[in-house]
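Presented below is the structure to which this report refers.
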Amino acid sequence: MDREFSLRLYRQMVLIRAFEDQAAEQYGRGRIGGFLHLYIGEEACAVGAINTLRKEDYVVAHYRDHGHALVKGCSTRAVMAELFGKATGVSRGMGGSMHLFCANNRMMGGYAIVGGGIPIGVGLALGIQHQGLDQVAMTFFGDGAVNEGEFHESLNLAALWKLPVVFVCENNLYAMGTPLARSSAVPEIYKRAEAYAMPSQQVDGMDVEAMYRACSEAVERARRGDGPTLVEALTYRYKGHSMADAVSYRTREEERAWHPRDPIARYAQILRERGVAEEELHRIDQGVAAEVEDAVRFAEDSPDPTFEDMVRLTYAA
Amino acid sequence: MPVMTYREAIRQGLRELLRDPAVFLMGEDIGAYGGAFAVTKGLLDEYGEDRIRDTPISEAVIIGAGIGAVMTGVRPIVEIMTINFTLLAFDVIVNHAAKIYAMSGGQIPIPLIMRTVTGSGNQLGAQHSQNIEGHYAMVPGLKVVAPATPADAQGLLLAAYDDRNPVLFAEHFALYNTKGEVSEAPERVPLGKGAVVRRGADLTLISYSRMVNVCLEAAEMLTQRRIDAEVIDLRTLRPVDYDLILDSLNRTHRGIVVEEAAKGTSIGGSIIGELQEIAFHTLDMPIRWIAGEPTPMPYNRQLERMAIPNATVIADAAAQMFISPKRRAAS
Ligand SMILES: Cc1ncc(C[n+]2csc(CCOP(=O)(O)OP(=O)(O)O)c2C)c(N)n1
Ligand SMILES: [Mg+2]
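Taken in sequence, the protein lines are chains A and B.
For the first sequence, my numbering assigns the number 1080 to the initial residue and increments by one for each residue that follows.
For the second sequence, my numbering assigns the number 57 to the initial residue and increments by one for each residue that follows.
This is how it looks when you write it as structure tokens:
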């Protein structure tokens, strides 16, 4: 993989982690409200997957969506401002952490109804196909979402009509406090695609380049008109489901066992082995830290949306 | 009488129902996780996995399977984590649970308790802040309950179990930590009966769930303006206790319906519609209607506050009703 591109992947993962650490801190200070779902540990999924897309391709995410928005090109400032509920946020302070929308960057939203984003991804692909365009839609969801009817309805329709969509399941082994093995009759999620004769693949979701390779193949397939793919990314969320979760349902040993697989530390090591200098990685880390601090200042200084905004935004004029 | 939280009162009620071996609980994260709002915390250890069943995230089959199971004589109590997610089971609730008894010519009752959690006000955004119990209250064949106090929460839960119909049981998340007296021996609170929770002579505030507390606060504020407000807690939204409301309006001649739901999306409108027919003769003026802003709930904190009724808004509206029409026109 070319050096510049690898460093870009590295920087984005570091950015997401720094962003999430800062979000947790601001949540503790009461500047961010509602639910806050951190993506720490899962960075390689969004970074590897979304970097296979072009700017005009579409992304749909679930409520754990900060990483997807950042990688799809939303500005760090505007994403942080959204978490602060400010008028300068990607969704103008109306959506919040779980609902990051940025139409310019084709970030078509984070959705807080489990499984709800899956059919929307299918619809984006339908619109693309119907107009004869060569774009692709990529829709992200968790392991918990595959037991909703919408998942199955979506896979069937997408396979039947050969729609240009990539389904990315971020399997972090838990849906809130329920382990996958206690919710799914067949815990190998990628196998569910077989029922719809859809290609699928299980990938190490802690390995950004593996994610990139698997999703590249899926995106190419979609773009050349050969239909959808289900990619199952095996990953782990380091923190609780949301800030309110004390994580009593899994052991600290299990958590520790995942840390050697950390997507960022591992990738940094690979880059070093490929000859990237320590200072260069360090420079990236520092640049990211400054970017996130700037985003917090920007969010703090931004105005709130007004009551008139709220009323006006109920219907499109 | 022991004092306990709304959460504990419901948990105690569930324990009481679990004495019936036919009863079991079923829902997302209710067992090992202890429930998203910790209502079922500890029950898995007490009753085991057969009776406290964690389900996949599959709302339609949670309720659909509940319907099928009650047909065989067992009594699952199903839980949907929040009322927003009941929409994924709207079909099974509205098309099936509500209709089977009538469609079968009365052969097959569906005594299914569907517990869920309503409410707004925690900056949870548009998809997690809906008070849509009123949607269900529009559906013939369903009963809908929305308790405001620990005693009512427990008593109505027990009564829902005695009932032979599907009951949507909407708990409010902001009430879980509120405390109140609950009788030692389990006491039923009948479905379909409201309660006067504050006596007053001048005006009737009609509400349910968390907004009852806000109405009580408004009534306190109104004493300073020498207005004596009566507060009615509907407790059951289907069927509504119109006798109780009418009796109150016959004494006060003025009324305000208060609800947390976005205006026009809940039961306020249908209650006012009914009252203009049955209470017109006794009213001094039209019933007023205070409800949430009719917009998708904004995330921003200040806007969310503005979107939900509060005691000041209610008290001001009530006070307006006591200004003479001429002055009202001028002000
Ligand atoms: C339809 C629906 N049911 C339940 C919920 C409550 N809920 C929110 S997240 C979640 C767990 C989802 O887990 P998973 O899909 O694995 O995603 P993860 O949070 O692990 O990324 C649940 C049950 C919801 N938001 N929507
Ligand atoms: Mg998960």
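Don't be surprised by glycine CBs; every beta carbon is placed ideally from N, CA and C.
Against chain A, does residue i count as a neighbour if the rule is that its beta carbon must be under 8 Å from one of theirs?
| i | result |
| --- | --- |
| F229 (chain B) | no |
| M170 (chain B) | no |
| A204 (chain B) | no |
| G120 (chain B) | no |
| T61 (chain B) | no |
| F141 (chain B) | yes |
| D372 (chain B) | no |
| N178 (chain B) | yes |
| M362 (chain B) | yes |
| Y232 (chain B) | no |
| A88 (chain B) | yes |
| L302 (chain B) | no |
| A116 (chain B) | yes |
| G181 (chain B) | yes |
| H191 (chain B) | no |
| L359 (chain B) | yes |
| Y389 (chain B) | Chain B is shown only over 57 to 387; residue 389 (chain B) falls outside these bounds and no answer can be derived. |
| I113 (chain B) | yes |
| D340 (chain B) | no |
So residue i contacts chain D; which residues on that side make the cut at Cβ distance below 7 Å?
| i | result |
| --- | --- |
| L99 (chain B) | Among the chains of the structure shown, chain D does not appear; the protein chains present are A and B. |
Please report the distance separating the alpha-carbon of residue i from that of residue j.
| i | j | result |
| --- | --- | --- |
| G1188 (chain A) | F1377 (chain A) | 22 Å |
| D1213 (chain A) | T1131 (chain A) | 14 Å |
| L1234 (chain A) | P1307 (chain A) | 8 Å |
| V1298 (chain A) | L1203 (chain A) | 14 Å |
| Y1317 (chain A) | Y1118 (chain A) | 8 Å |
| R310 (chain B) | Q1101 (chain A) | 52 Å |
| L224 (chain B) | H1209 (chain A) | 42 Å |
| P206 (chain B) | L300 (chain B) | 21 Å |
| H1178 (chain A) | S304 (chain B) | 44 Å |
| G272 (chain B) | I312 (chain B) | Correcting the residue type first, residue 272 (chain B) is Leu in the shown sequence and not Gly. Cα to Cα, the separation comes out at about 13 Å. |
| G124 (chain B) | I118 (chain B) | 10 Å |
| G250 (chain B) | I169 (chain B) | 20 Å |
| K1241 (chain A) | G1304 (chain A) | 7 Å |
| A204 (chain B) | V1139 (chain A) | 38 Å |
| L1392 (chain A) | R1351 (chain A) | 49 Å |
| T111 (chain B) | A226 (chain B) | 20 Å |
| V173 (chain B) | R67 (chain B) | 14 Å |
| Q358 (chain B) | V1169 (chain A) | 18 Å |
| H1320 (chain A) | A92 (chain B) | 11 Å |
| E1311 (chain A) | P1342 (chain A) | 16 Å |
Using the DSSP secondary-structure output, state which residues sit across from residue i in a beta bridge.
| i | result |
| --- | --- |
| I311 (chain B) | According to the sequence shown, residue 311 (chain B) is Gly rather than Ile. Beta-bridge pairing links G311 (chain B) to B:T260. |
| E135 (chain B) | B:G83 and B:R171 |
| P1258 (chain A) | A:Y1253 |
| M1186 (chain A) | A:V1138 and A:C1181 |
| H228 (chain B) | B:T174 |
| G348 (chain B) | B:A318 |
| T292 (chain B) | B:V201 |
| M60 (chain B) | B:G236 |
| Q1280 (chain A) | A:V1310 |
| E286 (chain B) | B:T260 |
| I108 (chain B) | B:L81 |
| C1248 (chain A) | A:F1220 and A:E1311 |
| V52 (chain B) | Residue numbering for chain B in the displayed model covers 57 to 387; residue 52 (chain B) lies beyond these limits and cannot be assessed. |
| V223 (chain B) | B:I169 and B:K199 |
Nearest chain B C-beta to residue i closer than 8 Å, yes or no?
| i | result |
| --- | --- |
| F1114 (chain A) | yes |
| G1175 (chain A) | yes |
| N1235 (chain A) | no |
| N1226 (chain A) | yes |
| Y1328 (chain A) | yes |
| T1218 (chain A) | no |
| D1383 (chain A) | yes |
| F1180 (chain A) | no |
| R1316 (chain A) | no |
| G1196 (chain A) | no |
| V1158 (chain A) | no |
| A1293 (chain A) | no |
| G1223 (chain A) | yes |
> What residues does ligand 2 have around it, judged by CB closer than 6 Å to any heavy atom, in chain order?
Replying inline: A:G1221, A:D1222, A:G1223, A:N1251, A:Y1253 and A:A1254
>> Quick test of the definition: if touching needs 3 or more C-beta pairs under 8 Å, does the stretch 1129-1136 of chain A touch the stretch 1173-1192 of chain A?
In response: yes
>> Any contact between the stretch 1248-1268 of chain A and the stretch 1217-1226 of chain A? By contact I mean 3 or more CB pairs, one from each, below 8 Å.
In response: yes
> Are at least three pairs of beta-carbons, each pair with one atom in the stretch 199-218 of chain B and one in the stretch 283-292 of chain B, less than 8 Å apart?
Replying inline: yes
> Are there three or more Cβ pairs, one per stretch, closer than 8 Å when the stretch 174-194 of chain B is compared with the stretch 318-331 of chain B?
Replying inline: yes
>> For the structure I just gave you, are there three or more beta carbon pairs, one from the stretch 213-224 of chain B and one from the stretch 237-257 of chain B, closer than 8 Å?
In response: yes
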